[in-house]
Amino acid sequence: MSKVFFIVFSSLFIYSNFELVYAADKPDVYHLHQGDKILISVWREETLQKEVIVLPDGSVTFPLIGRVEVAGLSTPEVEQSITKKLKTYLPEPIVTVLIVGIDGNRAYVMGKVVHPGSLIISGPTTVLQAISIAGGFEKFADESSIKVIRVKPEGQEILPVDYKDIISGKNISTNIQLKAGDTLVVP
1 MSKVFFIVFS SLFIYSNFEL VYAADKPDVY HLHQGDKILI SVWREETLQK EVIVLPDGSV
61 TFPLIGRVEV AGLSTPEVEQ SITKKLKTYL PEPIVTVLIV GIDGNRAYVM GKVVHPGSLI
121 ISGPTTVLQA ISIAGGFEKF ADESSIKVIR VKPEGQEILP VDYKDIISGK NISTNIQLKA
181 GDTLVVP
């Protein structure tokens, strides 16, 4: 009896730990941004396959239905939106949306870093990671005045970064995760 209990308990323990590891490894869902390139296709409708770039206003155009808002949506959400609009013209459309390029998901690093410029955010990217990608600081960088400029619908927001607290481990809350369109400034 104790052998059976041990086997059952061990199996449950291993399974529950596997689920925790699996859940922790799941990447965040990608949301489309201006400049991203997607391929939209409708099954069994050869004329309804189109590669499009998300426009500055966050939309794409597609045959039959015209303009569709896609910025900020995941690919399943875009599929659902296009399917709903196509039902006016097709009985049961099956829509597939594939991301072809994520050029719109960029943040910018400027100032006294070795390699200033833009970087594509293909996953969660923090300030510290962006500084590392940019080659680190130049000799006279002011580590105490780093900031992130974030554009929001209501205007710009300035987020201070306390680099010394981040690297010392005292306060990592200012190691902000960058979003598309953010500008990291190192004076």
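Mapping of the sequence shown onto the UniProt record's numbering: residues 1 to 187, in sequence order. For each residue, glycine too, the CB sits at the ideal point set by N, CA and C.
Would residue i and residue j be called neighbours here (beta carbons separated by less than 8 Å)?
i: L39; j: L98; result: yes
i: V54; j: Q80; result: no
i: G123; j: K37; result: no
i: L32; j: V68; result: no
i: A180; j: I131; result: no
Between the C-alpha atoms of residue i and residue j, what's the straight-line distance to the nearest angstrom?
i: V148; j: I158; result: 6 Å
i: V60; j: W43; result: 19 Å
i: F18; j: F62; result: Low local confidence applies: a pLDDT of 39 at F18 is under 50, so the model's placement there is unreliable, with the coordinate-based value given in what follows. Rounded to whole angstroms, F18 to F62 spans 42 Å at the Cα level.
i: D103; j: K152; result: 20 Å
When the Cα of residue i is compared with those of the options, which residue comes out closest?
i: G161; options: G155, K152, N171, P153; result: The question names Gly, but residue 161 in the sequence shown is Val. When each option's Cα is compared against that of V161, the closest is N171.
i: A141; options: K152, P116, G123; result: P116
i: E45; options: V127, E51, A130, I94; result: I94
i: I146; options: I176, D57, S74, S118; result: I176
i: E143; options: L90, E154, G111, E92; result: G111
i: L64; options: E77, P56, L48; result: L48
i: S168; options: G136, L128, G155, F137; result: L128
i: L73; options: L90, T88, D28, P91; result: D28
i: V185; options: K87, V109, S118, D165; result: V109
i: K50; options: D57, G58, S41; result: S41
i: Y89; options: G58, G66, Y30; result: G66
Is it buried or exposed for residue i, if we count other Cβ within 10 angstroms and need 16 for buried?
i: V113; result: buried
i: Y163; result: buried
i: D182; result: buried
i: T75; result: buried
i: V70; result: buried
i: T96; result: exposed
Round the Cβ separation of residue i and residue j to the nearest angstrom and send it over; I've been treating them as touching at under 8 Å.
i: L86; j: R106; result: With a Cβ gap of about 31 Å, L86 and R106 do not count as contacting.
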